[in-house]
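Residues in the sequence shown are numbered consecutively from -1, following our numbering.
Below: one structure, written as structure tokens.
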Amino acid sequence: MTIDVSFEQFEDIWTDSPDVILDTNCFLEIHRKSTSDQEAILSILRGVERSVWIPAQVKEEYMKNYRHVKKTAEEKYSEVTKQIKQATVNARNSLEKQFIQYKGNNYPKINELNAFILAKLSEVDEEAANYQTVIQAEIQKNKLMLENDKTTEFLEDIEVSDRVGAPFTYRQKINIYTEGSTRYQHKIPPGYEDNSKRKNDETSLEKYGDLLIWKQTLHHAESSEKSVIFITNDAKEDWWLLDSDRKPIEPRKELLDEFGEYSENSFIMLNLSMFIQYVNQLYGYTDSRWIKLRMEQQEFALQCIELSGGWDVILDERMALTLYLIHSGDLQDYLDNPLSDVEILEYLDYDIDIESFDIDEEDSKVIIVGYFNAKIIVQISESAFSDYDIDHHNQEIIITGWINIKCAVTFEDHNYTIPRESIDLNIGGFEAVAVSRQYYEDDKETETEDHLPF
């Protein structure tokens, strides 16, 4: 289910010449996009620039955080070579250790196998080193985009146009912090989900950032006497009523009621993706088919996964995950006895972060690279003293890894379809990052022990 605001509803409020208020996370999200995606999004925002108004708190948070996001974007290409190099170094060290042992036992043709594998690893090193040369044009384009920093320039132009609000006075902030303490205690939106920010620092005030933005939005709505379209990529329950899948449906009733105390005008909330799509649908700044894909990258990737059989199918295709759990040795650090066998019982939560989303508009193809984590329940079998003395128990494991998706796209009006037969999906690079023992009623112990390797 998606946010319950139709294009017709958006079009209706747009005729009222509303103010468009963007949350901090919208600007930071633009920085995380590819060069072409940034250009497309900013061109649309530029088209409605006179409608945009920014709370002072948004500007303050953005200026504090954007350099870190920008630095990550600057390093994304060099990190590929670095990470592959590190992986091959680790593989070479591990293999050399094994081959030294094998050579000591005089295995036949072991020297030939050793030389063959090390040569292949050297080829991987060479290909990784050539990677940046092959995509030098994209690297240069990305570098120029970051140096010019069109996102920050857009925000600065908004400020020059006197469309950035005044910050609260110190006294006003103290009153809001005091109010926020009570609101968060009773889970009154927005922002109480941020109550854990720097939880070890009782003096931290960052957790009230959302509340400050909301208060500045209310004061602006009261003074401007205009309708408001509030844009945020925050999808937590302290902003939204969520459906059974924890997806946003509509603003929390408390927010609507509170807005009504300050203004009689209309108020709607959208995420950045919906706003960009609706504005583009109104004015046709760019090809609406591709802008929809660019703004719905995660949803698009999840559709490909579902069309490929779902997470439980792709994770253990050809028993890849099971074989990793049994043979990698990564689980052994969490066990008291030698690992005998692993059986995956249940697949629970999944999440995916998109690292790159490349569109070939000419051939209507998409290439996605993402980083995922998944929570699974497995039955672990340990060899306690002999092959006949096996200890079976269930454990919850968080698995991370990488996913690559290539597929075609077809369009009908503003909607796209992914042909199932066009999907080429690869998954790997598994790593068990957390393992917890699950105890049941018939177990001797009744609590869960967390076993972490750090």
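Don't be surprised by glycine CBs; every beta carbon is placed ideally from N, CA and C.
Sequence-distant residues of the same chain with beta carbon closer than 7 Å to residue i, five excluded per side
{"i": "W212", "result": "P188"}
{"i": "T150", "result": "Y64"}
{"i": "R161", "result": "V50, W51 and I52"}
{"i": "I39", "result": "I28, K31 and I274"}
{"i": "I186", "result": "E252"}
{"i": "V46", "result": "V18 and V277"}
{"i": "K234", "result": "E191"}
{"i": "E359", "result": "W288"}
{"i": "Y100", "result": "I108"}
{"i": "S306", "result": "I312, I421 and L423"}
Check whether residue i and residue j have beta carbons under 9 Å apart
{"i": "P249", "j": "L240", "result": "no"}
{"i": "S434", "j": "Q393", "result": "yes"}
{"i": "N231", "j": "C24", "result": "yes"}
{"i": "S264", "j": "S225", "result": "yes"}
{"i": "Q275", "j": "K290", "result": "yes"}
{"i": "F97", "j": "L119", "result": "no"}
{"i": "F428", "j": "S326", "result": "yes"}
{"i": "L153", "j": "K69", "result": "no"}
{"i": "I374", "j": "I350", "result": "no"}
{"i": "L229", "j": "L254", "result": "For clarity, residue 229 is Ile in the given sequence; the question names Leu instead. For I229 and L254, no; Cβs fall outside 9 Å."}
{"i": "I227", "j": "F8", "result": "yes"}
{"i": "Y414", "j": "R287", "result": "yes"}
{"i": "N193", "j": "Y182", "result": "yes"}
{"i": "V364", "j": "F257", "result": "no"}
{"i": "I352", "j": "Q295", "result": "yes"}
Start-to-end residues for the beta strand (DSSP E) that takes in residue i
{"i": "Q393", "result": "I388 to A406"}
{"i": "S159", "result": "Taken as a continuous stretch (DSSP letters only), S159 belongs to no beta strand (DSSP E), as it is neither H nor E."}
{"i": "D255", "result": "Unbroken run through D255 is the alpha helix (DSSP H), K251 to Y260; no beta strand (DSSP E)."}
{"i": "I227", "result": "V226 to I229"}
{"i": "N193", "result": "Element bounds for N193: n/a, residue is neither H nor E."}
{"i": "T415", "result": "N413 to T415"}
The alpha helix (DSSP H) enclosing residue i, as first and last residue numbers
{"i": "W212", "result": "G207 to S222"}
{"i": "Y168", "result": "Y168 to Q183"}
{"i": "M317", "result": "That residue, M317, is in no alpha helix (DSSP H); it is neither H nor E in DSSP."}
{"i": "V277", "result": "L270 to Y281"}
{"i": "W237", "result": "It is not in any alpha helix (DSSP H) - W237 carries neither H nor E in the DSSP assignment."}
{"i": "R287", "result": "S286 to M293"}
{"i": "E6", "result": "F5 to W12"}
Residue i, buried or exposed, once every other Cβ within 10 Å from all chains shown has been counted against 16
{"i": "Y168", "result": "exposed"}
{"i": "I42", "result": "buried"}
{"i": "D10", "result": "exposed"}
{"i": "K107", "result": "exposed"}
{"i": "K62", "result": "exposed"}
{"i": "P417", "result": "exposed"}
{"i": "E443", "result": "Because the pLDDT of E443 is 43, which lies under 50, any placement of that residue in the model is unreliable, and the number read from its coordinates should be weighed accordingly. Exposed."}
{"i": "R292", "result": "buried"}
{"i": "T180", "result": "exposed"}
{"i": "P267", "result": "The question names Pro, yet the displayed sequence has Met at residue 267. Burial call: buried."}
{"i": "E445", "result": "With a pLDDT of 41 at E445, under the threshold of 50, the modelled position of this residue cannot be trusted; read the value that follows with caution. The residue is exposed, with fewer than 16 neighbouring Cβ atoms inside 10 Å."}
{"i": "Q84", "result": "exposed"}
Sequence-distant residues of the same chain with beta carbon closer than 8 Å to residue i, five excluded per side
{"i": "I115", "result": "L93"}
{"i": "Y175", "result": "L203 and Y206"}
{"i": "L26", "result": "Y60, N63, Y64 and V67"}
{"i": "C302", "result": "I366, I403, C405, I416, I421 and L423"}
{"i": "S159", "result": "E47 and R48"}
{"i": "W237", "result": "P187, P188, D208, T230, P246, P249, R250, L253 and M267"}
Nonlocal neighbours in the same chain, by C-beta distance under 6 Å from residue i, ignoring five residues either side
{"i": "I401", "result": "G368, F370 and I425"}
{"i": "S379", "result": "S338, D339, I388 and H390"}
{"i": "H449", "result": "The predicted model places H449 with a pLDDT of 45, which falls under 50 and marks its position as unreliable, so this point remains unresolved."}
{"i": "L280", "result": "none"}
{"i": "T0", "result": "none"}
{"i": "R90", "result": "L119"}
{"i": "T408", "result": "T415"}
{"i": "L313", "result": "L319"}
{"i": "S15", "result": "none"}
{"i": "L20", "result": "I229"}
{"i": "L216", "result": "Y260"}
Contact test: residue i Cβ vs the ligand FMN heavy atom, cutoff 8 Å
{"i": "S326", "result": "What this structure holds is no ligand at all, so the ligand FMN is not there to describe."}
Within-9 Å CB hit, residue i to chain C
{"i": "T22", "result": "Absence of chain C from the displayed structure is noted, only one protein chain being present."}
Secondary structure, beta strand (DSSP E): runs of 3+ residues fully inside the region 302 to 376:
337 to 358
Give the list of continuous beta strand (DSSP E) stretches no shorter than 3 residues that lie fully inside the region 17 to 102.
17 to 20
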